[in-house]
Every structure is written in structure tokens, then in C-alpha cells.
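Protein chains in written order, with this note's numbering: chain A, 1 to 335; chain B, 336 to 670.
In C-alpha cells:
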């Protein structure tokens with residue numbers, strides 16, 4: 001009996017890390033999951049521990065006798081990951097790796113989670129927001145992804161910050177009254193008596209500001225779901241419409257009539273916030289030239305499938321529609 | 336010869352701290368200046384040192400024989416200053432204070448720097464932005480001042496962040512081309528070659544993001560002056576127009592036809608950014624009722640005059656137009 005080569009693929013994120021052992025046919029054999037795997041946000045030691053944890057789970061789940069891994073691919077955000085690649089590689093050797101470790105962009109992993117095509121587009125809107133054009137298998141153009149302070153327009157952070165901003169403005173009369181105020185104050189257990197002022201300032205506003213500044217800025221993304229809650233609220237609808245407008249501009253900025261291919265949507269703002277995704281598709285149809293661009297988007301949960309695609313491709317294995325489908329299908333039974 | 340009672344007044348700010356010794360007639364006798372005096376942004380020890388430094392300078396400049404101080408007033412931002420009031424008081428005792436120390440809002444100090452009237456309005460737009468209605472000498476309503484993350488709309492931080500955001504968006508094609516991009520990149524010594532991309536991202540954009548995230552967020556306010564630089568630039572003009580719109584809403588939110596009085600403008604966005612202040616006045620005229628509201632604003636440099644006003648009033652001394660003029664006039668000869 002011939003044993004097929006096996007590979008380790010890891011999707012390391014700012015919230016959680018996922019790992020899979022996949023064989024050369026695209027069959028996923030074991031899956032693992034752990035905590036924060038981004039060395040920039042959590043430090044290299046914590047990231048190493050998360051990657052090792054998820055990888056160990058995946059290897060143990062796939063073990064029937066000793067496992068030898070012929071290669072590894074790690075998908076990860078951030079420009080400085082190259083610096084640490086050898087550290088990941090060393091940890092994987094103890095797990096049975098007998099081959100190379102490649103570090104790839106999580107943006108590319110998100111794209112390849114939706115398709116095997118090497119030309120196309122990705123738009124991701126989770127905590128951050130970023131658009132990409134993929135050409136010949138590489139990132140050809142990237143837009144936004146500028147982080148919470150300078151960009152990520154239309155992202156989960158952006159939505160959460162707009163929700164808090166709208167409530168703060170409504171509380172002192174600068175902004176229109178909105179159902180978001182009560183939703184937000186309730187979620188933070190802040191009592192609201194418009195007559196209660198301290199040094200001229202509405203007390204509930206002061207308490208809201210205190211609660212919000214106690215968070216790290218990016219944690220404002222936890223309030224993003226509130227924007228989808230009050231369907232009849234003009235302020236909430238305006239926030240969602242502006243988010244869609246921003247995301248459409250981010251995608252349109254990378255659209256090139258010369259590059260035709262699928263469009264992949266990732267991140268909860270697009271995959272769970274149905275109306276936003278639809279509005280983005282409507283708004284961008286003209287940007288892709290006379291052909292009209294993609295009429296629909298493939299929704300992806302994360303970059304796990306794409307990391308497996310890249311692990312196989314790094315070993316020279318062709319990933320076509322059948323292999324891509326096998327990765328997706330066998331992975332879904334494991335998690 | 337009767338020696339008039341003397342008072343210590345301090346305007347403690349997030350950038351610098353100013354102190355003056357003023358007598359009961361409103362004549363300023365000595366002035367001092369030091370560093371950061373805000374205990375929230377710089378810690379209580381640093382703030383205490385700054386206040387003592389400025390106060391010592393003011394006392395020594397005014398000394399003709401021993402100085403006895405009958406009272407002290409400190410104008411300061413932030414809600415937690417009450418906690419530390421006794422610490423300031425103890426330091427002033429060693430400088431000759433034989434009376435009470437009162438801690439007052441820097442917003443009120445800014446307002447009283449422009450007028451002796453106890454009813455009126457203040458709009459401040461420095462690094463932050465805040466509006467206030469003053470009634471019977473106290474803060475009756477406050478709008479915005481919600482800080483860089485949640486508000487301060489139209490402030491120096493807001494302008495600086497919009498400048499960087501516009502340049503970042505222009506660099507990847509999401510935003511319109513703008514003269515701000517070259518101005519900003521030049522100010523940071525970043526070379527700009529549109530063809531130079533790394534992993535699909537314009538290299539100059541990556542460098543700009545790195546430079547901006549190396550700053551504390553509020554330090555983005557240093558880029559605010561760039562918004563005023565390119566007169567014919569549509570993106571810059573749009574930023575200034577939106578800033579004025581935000582500041583007008585902040586002022587309109589506290590406008591009350593039942594409270595008539597002067598309007599005081601403080602902070603460099605309003606006192607040095609001429610067009611913004613004029614646009615705010617235009618936009619708010621309807622908010623003050625049939626009377627039309629203030630046709631012009633008194634511009635103030637900081638809260639120093641107002642701190643002196645509050646030091647005298649805390650001692651029961653009447654501050655009328657003549658006393659206010661004397662404080663303003665004698666202070667201007669000292670600094």
C-alpha cells in the first residue's frame with residue numbers, strides 16, 4: 001500500500017488559529033484549533049504556542065501510526081512574518097515535518113478558500129477591511145487594509161465605532177435620535193436618564209465614553225452587530241449604507257477589466273451581514289469593464305481551505321476544481 | 336500703604352501649563368510657563384511638578400518682598416481632577432498660599448478668557464473639540480468633547496486623521512487624487528513611486544501607514560495644518576467644510592434661545608483656521624432663536640485669563656468689564 005504524502009496547513013488569525021493535515025489528493029485527515037496566532041498583535045511566543053497547539057491537535061487527529069509531513073504552509077497577516085518563519089518551521093519539525101515551511105498572506109488564503117482559480121478578486125471585511133486583485137496566483141493589487149486608525153473603512157471596527165459615535169452624538173443632541181443609543185447602553189448596563197447631567201454633560205454619555213475608552217480601540221468591533229439590529233432606524237441604515245459604499249470603493253479600486261475571475265467575500269460583515277454584501281455587488285458591477293464583473297460572490301468562513309491549497313501548491317501539486325472541492329468537503333466534516 | 340490681596344491662577348493643559356499671580360484689581364503681576372499639567376495624560380507627579388514650576392516662576396516674577404497668596408484657582412481638563420485637588424493645594428502652601436484652592440473646568444476657563452459675562456457659549460477646537468453653554472456662571476450643557484476615538488469631530492486630531500486617511504485612500508485609488516498626498520509624504524520624508532508595489536500594495540502607502548501607527552493616535556493632530564495648505568484642492572476643501580459642519584453641530588447642540596450671551600472661540604482650528612470659524616458662525620445663526628445668535632466670536636489663546644477670573648471670583652471679588660480688561664491687558668504685557 002502506498003501512503004500518500006501529507007502536509008500541514010495553518011490559518012493563523014488575530015482571534016484564533018486553525019490547522020489541518022491534508023494529503024496530496026486534498027483529503028483533510030485531522031483538524032485542530034487554538035488561540036491567537038498573530039505575532040504582531042500577541043507576540044511571537046504566544047503565536048508560536050498557538051500554532052504548535054493547533055498543529056499538534058491536527059496531527060494527532062490524523063495519526064494512524066507515525067505521521068511524516070512533507071511540507072507546511074502558514075497563512076498569516078502582517079508584513080513582518082517573514083522574520084519569524086524559521087521559528088515556526090523549527091516547531092513543526094518536532095511534529096514530524098520533513099520538508100519546507102512557507103509563510104503566505106492571509107489575504108491570499110482567504111481568496112483560495114473560495115476558489116482554485118489563480119486570477120480573481122477578494123474582499124474581506126471582518127475586524128478589518130481589505131480588497132485584493134489576484135493575478136497569476138499572486139497579489140497584484142491591494143486596497144485599504146490600512147488598519148482601524150487610518151482605514152479599514154466599512155469593517156467590523158468601523159461599524160462598531162460608528163455605532164458608538166452615533167450614540168454619543170445622539171446623547172448630546174449633535175446627532176439624530178437613534179434606537180442604537182438604547183441598544184448600546186443596555187449592552188453596557190448603563191442607565192439612561194436624559195435629565196441627569198454632571199458638569200453640563202449627560203451622565204449616560206460620560207459613562208458610555210468611560211466604558212468605550214476602557215477597551216482597546218479594535219474591540220469597538222464588538223458593537224458592529226448592533227448596526228444590523230434596528231431595521232427601521234434611519235441612523236443604523238445610514239451606517240450600513242456607508243459601510244457598503246466604502247467596501248464597494250475598496251473593491252472597485254482593485255478591479256481591472258483585464259483580470260477576470262471569481263470574487264471571494266470573507267469576514268462577518270460580508271458573510272453574515274447579507275444586505276451589505278448585496279449592496280457592494282450592486283455598486284461595483286460597472287468597475288470590472290464591459291463584462292460586468294462577478295454577479296455573485298463565493299462566501300468563505302476563514303482562510304483554512306486556502307492554506308491547504310497553498311500547502312499543496314508549494315509542493316508542486318496541482319489544485320484543480322476536484323481537489324479544491326475535496327479539501328472543502330472533507331474539512332467541513334472535521335470541524 | 337495698603338497691599339492688595341494676591342491670587343494664584345493656573346491654566347494646566349495637555350501640552351503646557353501657565354500660571355499668573357493676579358491682584359484683587361485684576362492686575363497681573365507675574366507669569367510663568369511650564370510643561371504638561373494634565374494628570375490624566377501625564378500622571379499626577381509630572382502634573383504636580385509642572386504646576387509647581389509655573390507657579391514658582393509666576394510668584395518669583397511678581398515678588399517685591401514676601402508674597403502671600405489669598406487663594407488659588409487651577410483650570411484643568413478631565414473628570415478626575417477633584418481627586419487630586421488637595422495635592423495641588425499642598426504644593427501651593429509652600430509658595431505662600433494662605434487660602435483655598437479651587438479646581439475648575441478648563442472649558443469654563445476658556446470661556447471666561449473671552450468674557451466676564453456669566454451667560455454665553457464656548458466652542459473650543461484644539462486637539463479636541465467641545466461646545467458648552469454657560470448659564471449663571473456654570474456649565475449648563477456640554478456637547479462632544481468625546482475624545483479622539485469617539486468624537487472630537489472637527490478638531491485638530493480629526494483634521495489630521497482626515498488628512499492621513501485621504502492620502503492613504505488616494506494612494507490605492509479608493510479616494511480622489513489630492514495635493515495632500517505629496518504634502519504629507521514630503522513632511523514624513525517618504526519617497527513616492529506609484530509603480531513600486533510590495534505584495535500588491537503601493538510601497539509609499541505602506542511606509543505612510545508605518546509612520547502614522549508609530550505615533551500615539553492624538554499625535555495625528557500634527558498633520559491638521561496640511562488641510563489648510565492647498566487652497567485649490569477639492570479633497571482638502573471638503574475636509575475643512577466637513578470640519579466646520581461638525582463644529583457647527585457641536586455648537587448648535589448647546590444653543591438655547593433662552594440663554595443669550597457672547598460666543599467664545601478657542602483652539603487653533605478656530606482661532607488660526609479663519610475660514611472654519613467663519614463657516615461655523617454662518618451655519619449656526621439659526622440655532623439661537625429669532626434673535627439670531629452671536630454675529631461674531633471672541634477669540635481666546637488659552638484659559639489663562641479665565642483662570643484668573645475664577646481665582647478672583649472664588650474669593651468673592653466682582654469681575655466686571657473693567658477688571659476683565661485689566662486682566663487681559665496686564666497679562667499680555669507679561670507674556
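Ideal Cβ positions, reconstructed from N, Cα and C, are used throughout, including at glycine.
Just so we're clear, the structure is a prediction, and the values are computed from it rather than from any experiment.
query	result
Residue 317(A) - partner residues in DSSP beta bridges	Residue 317(A) is not bridged to any residue.
Cβ shell of residue 588(B) (< 6 Å), same chain only, five flanking positions each side left out	478
Residue environment, residue 581(B), which counts as buried when at least 16 other CB atoms sit within 10 Å	buried
Cβ contact check for the segment 509-520 of chain B and the segment 438-449 of chain B: 3 or more pairs under 8 Å	no
Min CB distance residue 346(B) to chain A below 8 Å	no
Segment contact, 8 Å Cβ cut-off, at least three pairs: the segment 546-554 of chain B with the segment 589-604 of chain B	no
Those runs of the alpha helix (DSSP H) which lie wholly inside the segment 254-324 of chain A and span at least 4 residues	268-271, 274-284 and 304-314
Residue 470(B) in three-state terms, based on DSSP	strand
Between the CA atoms of residue 99(A) and residue 327(A) - distance to the nearest angstrom	21 Å
Contact with chain B by residue 217(A), beta-carbon distance below 8 Å	yes
C-beta neighbour in chain A for residue 534(B), strict 8 Å	yes
Buried versus exposed, by CB contacts within 10 Å (16 or more), residue 541(B)	buried
Extent of the continuous alpha helix (DSSP H) run through residue 670(B)	From DSSP, residue 670(B) is part of no alpha helix (DSSP H); its letter is neither H nor E.
CB contact check: residue 548(B) to chain A, cutoff 8 Å	yes
Close Cβ partners of residue 415(B) (< 8 Å) along its chain, the five nearest in sequence each way excluded	Confidence in residue 415(B) is poor, its pLDDT being 48 and thus under 50, which makes the residue's placement too unreliable to answer from.
8 Å Cβ cutoff met for residue 47(A) and residue 18(A)	no
Pair within 8 Å by beta-carbon distance, residue 50(A) and residue 32(A)	no
Contact set between the segment 633-649 of chain B and chain A, restricted to residues whose Cβ is under 9 Å from the partner	none
Cβ neighbour criterion (16 or more within 10 Å) applied to residue 302(A)	buried
C-beta atoms of residue 281(A) and residue 230(A) nearer than 8 Å	no
Residues that residue 168(A) contacts on chain B, provided the C-beta gap is smaller than 7 Å	481, 485 and 486
Buried versus exposed, by CB contacts within 10 Å (16 or more), residue 77(A)	buried
Any 3 or more C-beta pairs closer than 8 Å across the segment 524-532 of chain B and the segment 466-486 of chain B	no
Local conformation of residue 20(A) per DSSP, three classes	strand
Exposure label - residue 331(A); buried when at least 16 CB within 10 Å	buried
Of the residues 660(B), 522(B), 379(B) and 668(B), the one placed nearest residue 560(B), counting alpha carbons only	522(B)
Start-to-end residues for the beta strand (DSSP E) that takes in residue 102(A)	97-105
Proximal residues to residue 396(B) (C-beta, below 7 Å), its chain only, five neighbours per side dropped	365, 366 and 367
Inside the segment 459-533 of chain B only - alpha helix (DSSP H) runs reaching at least 4 residues	482-485, 491-506 and 514-522
Identity of the residue in 404(B), 476(B) and 349(B) nearest residue 410(B) by Cα	349(B)
Residue 558(B) beta carbon less than 8 Å from that of residue 519(B)	yes
Spatially closest choice to residue 346(B) from 658(B), 643(B) and 660(B), by CA coordinates	643(B)
is_contact[residue 544(B), chain A] using C-beta, thresh 8 Å	yes
Own chain partners of residue 23(A) with C-beta closer than 8 Å, once the 5 adjacent residues on each side are dropped	4, 5, 6, 7 and 29
Closer than 7 Å at the beta carbon, the chain A residues around residue 500(B)	150 and 151
Element boundaries [alpha helix (DSSP H), containing residue 411(B)]	That residue, residue 411(B), is in no alpha helix (DSSP H); its beta strand (DSSP E) goes 404-411.
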